[in-house]
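J.:
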Amino acid sequence: MIPGARLIILGRQGAGKGTQCVRLSRHFVVPHISTGDMLRAAVREETELGLLAKEVMDAGGLVGDEIMIGIVRERLDAPDASQRGYILDGFPRTLDQAIELDRITDEQGRPIDVVLDLNVPREIVLERISARRVCRDCGTNYTASGNDPSPWICDVCGGDVLQREDDTPDSVNRRLDLYEEQTFPLVKHYSDQNRLVVINGVGHPDAVFARLVKAVEANRV
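In the working numbering, the protein residues as written are 1040 to 1260.
1) When you compare the CB positions of L1091 and I1106, do they come within less than 7 Å of one another, or not?
2) Out of R1045, P1042, G1053, A1044, which one is the CA nearest neighbour of P1160?
3) Is D1104 a contact residue of the ligand FMN, with contact defined as CB to any heavy atom under 6 Å?
4) Would you identify the three-state DSSP class for N1158, choosing helix, strand or coil?
5) If I measure Cβ to Cβ from D1135 and keep anything under 7 Å in the same chain, skipping five residues before and after, which residues do I get?
6) Measuring only the C-alpha atoms, how far is D1231 from D1199?
7) For the segment 1141 to 1150 and the segment 1049 to 1069, state whether three or more C-beta atom pairs, one from each stretch, are separated by less than 8 Å.
8) Given V1069, which residues of its chain have a CB within under 7 Å of its CB, disregarding the five upstream and five downstream residues?
9) So R1172 packs on A1183, CB below 8 Å; how close in whole Å?
10) With contact counted as at least three CB pairs below 8 Å, one residue from each stretch, are the segment 1190 to 1197 and the segment 1229 to 1245 in contact?
11) What's the C-alpha gap between C1177 and S1169?
12) Between V1153 and A1246, which are expected to be in contact by the criterion C-beta below 8 Å, what is the C-beta distance as a whole number of angstroms?
13) Go ahead and pull the three-state DSSP assignment for D1209.
14) Of all the alpha helix (DSSP H) runs that stay within the bounds of the segment 1043 to 1130, which reach a length of 4 or more residues?
What follows is the structure in structure tokens.
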């Protein structure tokens, strides 16, 4: 296996992106870069853009494209990403962001190798997320089976295991609707560039991982 790759991963919430990104990061020896991680790092390091983002978030607002794209540019210029590559998770979310990312990677002379669309049917991710439970204290995740203890006590810390308020079917459906509305133009954009590979995300995680690795190795520039 030759290390290094520049990847974007798309997929509905609950498709298993987090699990697969960790494995891909280890396999190709590249950083897994998520939107949340980038923002937290920029704020923690008190970069100029990080301080601007903190000001917006402290006021209860959403960080706009101009700040977010600047943070992405800084992160992709860091030695680990510029020398080995990266997995972008959660960015771009919109067509405008994708166009700006194209401009950044063109300027760097390091184009995206492949965009992986981890496809899991909506009904399956809805079922997965609706069954998700989390410890209120330590954040350990569980899956409800219908025969769960009441009260449900966390095996790790003894805290209460609950369903998150935003994991109800209505909330999940709203998030999925928004994701599909935003992502359709992205899918077309990367398909037109011949960079998109749709991956069947259903099945054992090992089988899904093997499909992802095969797609990356077949499409690296």
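Where a beta carbon is used, it is the ideal one built from N, C-alpha and C, also for glycine.
T.: Let me lay it out:
1) If you number the sequence shown from 1, residue 1091 lands on position 52. If you number the sequence shown from 1, residue 1106 lands on position 67. In terms of Cβ geometry, L1091 and I1106 form a close pair [threshold 7 Å].
2) Taking the first residue of the sequence shown as 1, we reach residue 1160 at position 121. The option with the nearest alpha carbon to P1160 is G1053.
3) The ligand FMN is absent from the structure shown, which contains no ligand whatsoever.
4) Along the sequence shown, read from residue 1 onward, the residue named residue 1158 stands at position 119. Residue state, collapsed to three classes: strand.
5) Looking up residue 1135 in the sequence shown gives position 96. Cβ contact annotation for D1135 (same chain, cutoff 7 Å, sequence separation greater than five): D1104, in chain order.
6) One-based indexing of the sequence shown puts residue 1231 at position 192. One-based indexing of the sequence shown puts residue 1199 at position 160. Their backbone Cα atoms lie some 48 Å apart in a straight line.
7) No, because fewer than three Cβ pairs between the segment 1141 to 1150 and the segment 1049 to 1069 fall closer than 8 Å, the two stretches do not touch.
8) As a working note, residue 1069 is residue 30 in the sequence shown. Same-chain partners within the cutoff: G1043, A1044, R1123, G1124, Y1125, I1126.
9) Numbered from 1 along the sequence shown, position 133 holds the residue referred to as residue 1172. Numbered from 1 along the sequence shown, position 144 holds the residue referred to as residue 1183. Between A1183 and R1172 the Cβ distance is about 5 Å, and since that is below 8 Å, they are a contact.
10) By the Cβ rule, the segment 1190 to 1197 does not count as touching the segment 1229 to 1245, because fewer than three pairs are nearer than 8 Å.
11) As a first step, residue 1177 must be located in the sequence shown, where it is residue number 138. As a first step, residue 1169 must be located in the sequence shown, where it is residue number 130. So the alpha carbons of these two residues sit roughly 20 Å apart.
12) Locating residue 1153 in the sequence shown gives position 114, where the first residue counts as 1. Locating residue 1246 in the sequence shown gives position 207, where the first residue counts as 1. About 19 Å separates the beta carbon of V1153 from that of A1246, a gap too long to meet the 8 Å contact definition.
13) Translated into positions along the sequence shown, residue 1209 becomes position 170. Looking at D1209 - three-state DSSP - the assignment turns out to be helix.
14) DSSP assignment within the segment 1043 to 1130 yields the following whole alpha helix (DSSP H) runs of 4 residues or more, N-terminal first: 1056 to 1067, 1074 to 1083, 1087 to 1097, 1104 to 1116, 1118 to 1123.
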